[in-house]
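> First the structure, then my questions, so here it is.
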Amino acid sequence: MKDIILAFDIGTSSVKSSLFRADGHQVCSASLSYKTLVPKTGYAEQNPEDWWDRIVKTTRLLAEQNPEAARNIAAIGVCGHMLGCIPVDRSGKALYNAMIHSDSRASKQFEKVCSSVGADRMYSLTGNILDARSSLCKILWLKEEEPDVYMDTAKFLQSKDYITARLTGNIDTSDYSDACHAELMDINKFVYDESVFNELGIDMSKLPELHRSIDIVGTLSAESAAELGLTAGIPVIAGGGDGACAAAGAANTHPGDTYCCLGTTSWIAECAETPFIDDKKRIFNLTDLEGNNYSVLGAMQAAGASLTWLMELLSENSVKNLDALAATVPAGSNGLVYLPYLDGERSPIFDPHSRGVFFGLSNVHKKQHFMRAALEGVAFALRSILDVLRERHPIGKMRIIGGGSNSKIWKQIIADVCNISLAGLSVPADDAGSLGIAAAAGTGVGLFKDVAEGVRCITETDVIAPIEPEKYSANYEVFSALYPVTKRLMHKLADKN
């Protein structure tokens, strides 16, 4: 019986191809990078052909180095970055570069959707916050700014859908997790809302059929198999958006499970039986890979990015030294408070014009105080997300992955600030998405009864409990008050720069 799973992860900067055994352990992986094109301010594009080129090269490398594993591939799954827009013709050829998640050119179309449909209505329908980066706005941009491309488009796809189409020849497929985050799908009914597209004049026949991520939507074609160095006929599932795949890869598969990914950006996600349609629109919602549960999540923009920026500013190149410096400063950073809004902020304020702040500076503050305050400021931002999730019910434990989870002092600060126990996980953060989609593919072909069984190899490692949460109360109160009282001034600066 074939028991190897091939997983493709289309990241923002590279593709990773991985082979997994049915026990969830990785056999091998290979990755290759590509460029993001920025032809104008607000644009962010990638050439979909670059994704396929890297997939071909990395897969052939894996097959050459592991021929026995390559002969025993039971299923293929693709995970990809979300909020994209790739118009393809009937043959699956891309008619325009992929507009990726950070592309915000569709500001005029965003205003149009807000005025004609309404941001509140879109949030109630999709469980996600509408903005200019939404796939819906990008489709409307193509319709209005590139009408020839729009007319020739057979389907508008996401990144993983494009690769699935290249693998199988089936261009008419996407999944629930991508579709709801793209502002295209009713998150409760799992269908496109016809009234929205009629109001915007978007042809619904250009939208792909929706599936659970685990559903088989085709098999590897002879042509693609020859390119990849594999055998034709391998089942291919619909695949999933990277957010949903990472949640599965962090074993966030049962209602109540909660995890934090502490990387360049950061997020906290809870597995829930129902979406959280927040009347203040502070939270995202994604369907899971099986269409049974939801990831209710909040994301912050500059977690590790804050430390990278500060280390460069202070000519500090050692993360270990950063930890050592921060450890010399008491909790509360002697009254120094940091707002980590270097690139605007997402949850819970959703303000692209918010800006970073160091507040409370005095002549007692040295390099180490800035380091500690940055760690605490990110922890405060994470608590502001967790506080929203806790409005539904208590959360006393959270798993943590990501590069930042290697810092013991940062984990202790987060545990104290959030008054929560943090459990490390055995899966490296870079592999969470790949493992999640591998579990989905294995479920699709019957290797596992469900995705949870597919990630059973993941174990909790060290657990850090809160020690002195009360020492952060005063600074968190200041943190919470800073944005409301400086918002007008932040926007004034943003208008000038």
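Heads up, the sequence shown is in our numbering, so the first residue is 2 and it goes up one at a time. For glycine and all other residues, C-beta sits at the position ideal for the given N, C-alpha and C. Bear in mind that the values here come from a model prediction, so they are computed numbers and not experimental data.
(1) Give me the Cα-Cα distance between lysine 207 and phenylalanine 198, rounded to the nearest whole angstrom.
(2) Who are the Cβ neighbours of serine 137 in its own chain at under 7 Å, not counting the five residues just before and after it?
(3) Which two residues bound the contiguous beta strand (DSSP E) that contains leucine 7?
(4) Determine the contact status of leucine 483 and phenylalanine 360, defining contact as a CB-CB distance below 9 Å.
(5) Tell me, which residues are paired with alanine 31 by DSSP?
(6) When the distance is taken between beta carbons, is aspartate 176 closer than 9 Å to aspartate 216?
(7) Have a look at Arg283, Arg134, Asp90, Thr169 and flag the residue whose alpha-carbon is nearest the alpha-carbon of alanine 233.
(8) Counting only the same chain and skipping the five closest in sequence on each side, list residues whose C-beta sits under 7 Å from that of methionine 312.
(9) Under the three-state reduction of DSSP, which class applies to glycine 403: helix, strand or coil?
(10) Any chance you could list the beta strand (DSSP E) runs of at least 3 consecutive residues sitting entirely within the stretch 64-108, in chain order?
(11) Is isoleucine 284 closer than 9 Å to serine 348 when the C-beta atoms are compared?
(12) Start and end of the beta strand (DSSP E) containing proline 236?
(13) Measure the C-alpha to C-alpha separation of lysine 109 and aspartate 173 and round it to an integer number of angstroms.
(14) How many Å lie between isoleucine 415 and valine 428 at the Cα?
(15) Restricting to Cα atoms, I'd like to know which of Cys181, Leu448, Gly336, Glu228 is closest to leucine 287.
(16) Buried or exposed for lysine 156, please, with buried defined as at least 16 other CB atoms from any protein chain shown within 10 angstroms of its CB.
(17) So, do the stretch 260-271 and the stretch 321-337 have three or more beta carbon pairs nearer to each other than 8 Å?
(18) Based on DSSP bridge pairs, tell me the residues matched to aspartate 187.
(19) Any chance the stretch 389-398 sits against the stretch 351-360, with 3 or more Cβ pairs inside 8 Å?
(20) For glycine 305, does the count of other Cβ atoms within 10 angstroms reach 16, so buried, or fall short, so exposed?
(21) Mind checking whether methionine 2 and alanine 120 have CB atoms under 9 Å apart?
(22) Indicate the three-state DSSP secondary structure (helix, strand or coil) for tyrosine 260 in the structure shown.
(23) Going by Cα to Cα distance, which pick from Thr266, Gly250, Ser30 is closest to cysteine 272?
(24) Measuring CB to CB, does aspartate 451 end up less than 9 Å from glutamate 291?
(25) Counting only the same chain and skipping the five closest in sequence on each side, list residues whose C-beta sits under 6 Å from that of valine 79.
(26) From the DSSP output, in three-state form, read off isoleucine 278 for me.
(27) For aspartate 463, which three-state DSSP category applies?
(28) Thinking C-beta only, is aspartate 432 closer than 9 Å to glutamine 27?
(29) Report yes if the C-beta distance between arginine 400 and glycine 425 is below 9 Å; otherwise report no.
(30) State the Cα-Cα distance for the pair threonine 266 and valine 379, rounded to the nearest angstrom.
(31) Look at the alpha carbon of lysine 472 and the alpha carbon of histidine 255, and state the distance between them as a whole number of angstroms.
(32) With a floor of 3 residues, list each beta strand (DSSP E) that falls wholly inside the stretch 407-471, ordered by position along the chain.
(33) Under 8 Å by Cβ, that's how I've got histidine 82 and threonine 13 pegged, so tell me the actual separation to the nearest angstrom.
(34) Tell me which residue opens and which closes the beta strand (DSSP E) that alanine 270 is part of.
(35) Note down, in chain order, each residue of its chain lying with its Cβ closer than 7 Å to the Cβ of serine 225, except the 5 sequence neighbours on either side.
(36) Tell whether a beta-carbon distance below 9 Å holds between serine 334 and alanine 303.
Looking at the coordinates:
(1) Between lysine 207 and phenylalanine 198, the alpha-carbon positions lie close to 11 Å from each other.
(2) Note on residue identity: the sequence assigns leucine, not serine, to residue 137. Excluding sequence neighbours, leucine 137 sits near Val114, Ala183, Glu184, Leu185.
(3) 5-11
(4) yes
(5) Ser18
(6) yes
(7) Thr169
(8) Asn318, Leu323
(9) Glycine 403 carries a coil assignment under DSSP once its states are collapsed to helix, strand and coil.
(10) 74-81, 87-89
(11) yes
(12) 236-238
(13) 29 Å
(14) 20 Å
(15) Cys181
(16) buried
(17) no
(18) Here aspartate 187 is bridged, per DSSP, to Val192.
(19) no
(20) buried
(21) no
(22) In the displayed model, tyrosine 260 falls within a strand according to three-state DSSP.
(23) Of the candidates Thr266, Gly250, Ser30, the one whose C-alpha sits nearest the C-alpha of cysteine 272 is Gly250.
(24) A contact, by the Cβ cut-off of 9 Å.
(25) Phe9, Lys161, Ile164, Thr165, Gly240
(26) Coil.
(27) strand
(28) Yes, they are a contact pair.
(29) Yes. Within cutoff.
(30) Straight-line measurement puts the Cα of valine 379 at about 10 Å from the Cα of threonine 266.
(31) One C-alpha to the other measures close to 33 Å.
(32) 422-426, 461-465
(33) 5 Å
(34) 267-273
(35) Closer than 7 Å at the Cβ level, and outside the excluded window around serine 225, lie Arg167, Leu168.
(36) no
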